[in-house]
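Numbering (UniProt numbering), first residue to last: 1 to 149.
Just so you know, even glycine gets a beta-carbon here, dropped at the ideal spot from N, CA and C.
Quick caveat: nothing in here was measured; it's all calculated off a predicted structure.
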């Protein structure tokens with residue numbers, strides 16, 4: 001699709017990702033990579049004593065899954081993209097914890113797609129990360145990407 005064709009979908013839900021499991025192994029690897037070893041994430045026995053009843057994924061792990069979820073989604077692809085980069089986020093809210101072993105998926109709503117300068121586009125999505133079988137999402141964020149054609 002062209003950027004203009006996608007821009008015509010502003011305000012619409014434009015994609016959903018596949019489900020992905022937030023395994024304890026993934027949580028432990030994230031703890032190792034970031035140095036965030038808080039017991040609620042990695043100590044299964046201690047975490048059982050909390051209101052969560054077990055370990056939970058780091059909020060930033062859930063947020064960092066956006067590129068993976070995006071790559072494994074039915075989002076429309078822009079023709080001729082040379083490069084895409086994260087630009088930032090707005091209004092990120094961690095709504096519900098993701099318990100170890102739960103599956104998540106992302107939903108994208110296009111809020112804006114504008115050409116910043118010739119060949120440089122900026123898109124803002126509202127991304128909701130759903131937790132399988134739960135009423136409340138894990139998080140909601142406005143995520144901004146730039147791509148170059």
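8 Å Cβ cutoff met for residue 66 and residue 15: Not a contact, by the Cβ cut-off of 8 Å.
Whole-angstrom distance between residue 126 and residue 93, CA atom to CA atom: 11 Å
Selection from 109, 83, 32, 3 that minimises the alpha carbon distance to residue 73: Checked all of 109, 83, 32, 3; the closest Cα to residue 73 is 109.
Quick one: which unbroken alpha helix (DSSP H) runs of 4-plus residues sit fully inside the segment 33-110? Chain order, please. 39-42, 44-47, 59-64, 66-71
Quick one: is the Cβ of residue 146 within less than 7 Å of any heavy atom of the ligand SAH? Ligands are entirely absent from the displayed structure, and the ligand SAH is therefore not among its contents.
DSSP three-state assignment for residue 134, whether helix, strand or coil: coil
Since I believe residue 136 is in contact with residue 96 (beta carbons under 8 Å), could you give me their beta-carbon distance rounded to a whole number of angstroms? With a Cβ gap of about 4 Å, residue 96 and residue 136 count as contacting.
Residue-chain proximity (residue 48, chain D), Cβ-Cβ < 8 Å: Judged by its chain identifiers, the structure shown contains no chain D, having just a single protein chain.
Beta-carbon gap between residue 27 and residue 61 smaller than 8 Å: By the CB criterion at 8 Å, residue 27 and residue 61 fall inside the cutoff.
Helix, strand or coil: which one does DSSP assign to residue 25? helix
Reference residue 118, options 101, 139, 143, 148, closest by Cα: 148
Considering residue 142, what are the terminal residues of the beta strand (DSSP E) in which it resides? 139-148
Please classify residue 51 as buried or exposed, where buried requires at least 16 neighbouring CB atoms within 10 angstroms. exposed
Mapping DSSP to helix, strand and coil, what is residue 12? coil
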